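**Q** Residue numbers (our numbering), protein chains in the order written: chain A, 393 to 487; chain B, 393 to 487.
Every residue gets a Cβ at the ideal spot worked out from N, C-alpha and C, and that includes glycine.
Quick caveat: nothing in here was measured; it's all calculated off a predicted structure.
2 protein chains.
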Amino acid sequence: MAKKVTTSDMPSTDFIDSAEILGKLIRAKRTELGIKLADCAALCGIGINTLSRIENGNANCTLAAVFSVLNGLGIKLTSKALTPTASSSSGEEWI
Amino acid sequence: MAKKVTTSDMPSTDFIDSAEILGKLIRAKRTELGIKLADCAALCGIGINTLSRIENGNANCTLAAVFSVLNGLGIKLTSKALTPTASSSSGEEWI
DNA sequence: CAAATATTCACCGTTATCAGTGATTATATT
DNA sequence: AATATAATCACTGATAACGGTGAATATTTG
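1. Buried or exposed, going by whether 16 or more other CB atoms sit within 10 Å of the CB of B/ASN415?
2. Can you give, in chain order, each stretch of the beta strand (DSSP E) that sits fully within the region 413-449 of chain B and has at least 3 residues?
3. Along chain B, in chain order, which residues have C-beta atoms closer than 7 Å to that of A/ILE467?
4. If we define contact as Cβ-Cβ less than 7 Å, is B/LEU435 a contact residue for chain A?
5. Just to confirm, is the Cβ distance from B/ALA451 to A/ALA411 under 7 Å?
6. Once the 5 residues before and after A/MET393 are set aside, which same chain residues still bring their CB inside 6 Å of it?
7. I think A/LEU469 touches B/LEU465, with their Cβ atoms under 8 Å apart; what is that distance to the nearest whole Å?
8. Closer than 7 Å by beta-carbon distance: list the chain A residues that pair up with B/ASP406, in chain order.
In structure tokens:
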């Protein structure tokens, strides 16, 4: 069986700013769901090798494959919320 | 000059679940910063064509290029916060 | 409406992904 | 420790990304 991964293995960073962190996030979610690599790949409609590389932090993967996994596993990505400040009520400002 | 894009052009979705939405987010941020495609590409260390394709929602782009842009523009991505619930104090649960 | 600027597109050569298969290595279970 | 299971790696052939350049197409400004 695969190595068990819990949230304690997740990077302490709040932000997903690298393929490594994204890969760890995906692996943590998959193992939490208790599904193996091969089944997850089939579920997400990508190859086993590709999923393995994504989880291992390989940055040379396509957005297509990554979003297939994120959506397949129900992982929700957000940027900082669209919250116009008082100084910019017209809504040109991201925070 | 390029078409002006403000946050009003941003997708109403809270979640970034496709290359299209990610591309729009990037473009909104770049235009908000007032820098042109070529300068932004140089700043992020990628080619102009690649940045153009990313902003236009092409899913066949590498994570490497995308993270170069996100980090170059200071766009912070997050998943749902790591908040272990009372029922899982050992930390196996994402919300 | 014309001029200037910004973006997209088509092409090139190089390089690398991708799915699939089978072999190797790592991890769990008894 | 031995067995079963899971994940990684090395290969194949097909397809496509990547950066660079230059041309074509927006888009903005005077």
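**A** If we stick to the structure as given:
1. In the second sequence, counting from the first residue as 1, residue 415 of chain B sits at position 23. The residue you asked about is not Asn; residue 415 of chain B is Gly in the sequence shown. Answer is buried; the Cβ neighbour count reaches 16.
2. none
3. As a working mapping, residue 467 of chain A is identified with position 75 in the first sequence. Within 7 Å Cβ-Cβ: SER471.
4. Translated into the one-based positions of the second sequence, residue 435 of chain B becomes position 43. It does not: the Cβ of B/LEU435 has no partner Cβ on chain A nearer than 7 Å.
5. Translated into the one-based positions of the second sequence, residue 451 of chain B becomes position 59. Translated into the one-based positions of the first sequence, residue 411 of chain A becomes position 19. No, Cβ-Cβ distance for B/ALA451 and A/ALA411 is not below 7 Å.
6. Taking the first residue of the first sequence as 1, we reach residue 393 of chain A at position 1. Because A/MET393 sits at a pLDDT of 39, beneath the cut-off of 50, its placement in the model cannot be relied upon, and the point is left open.
7. Locating residue 469 of chain A in the first sequence gives position 77, where the first residue counts as 1. Locating residue 465 of chain B in the second sequence gives position 73, where the first residue counts as 1. That pair is no contact at about 16 Å.
8. Start at 1 with the first residue of the second sequence, and residue 406 of chain B comes out as number 14. Going along chain A in sequence order, the residues near B/ASP406 (Cβ under 7 Å) are THR470.
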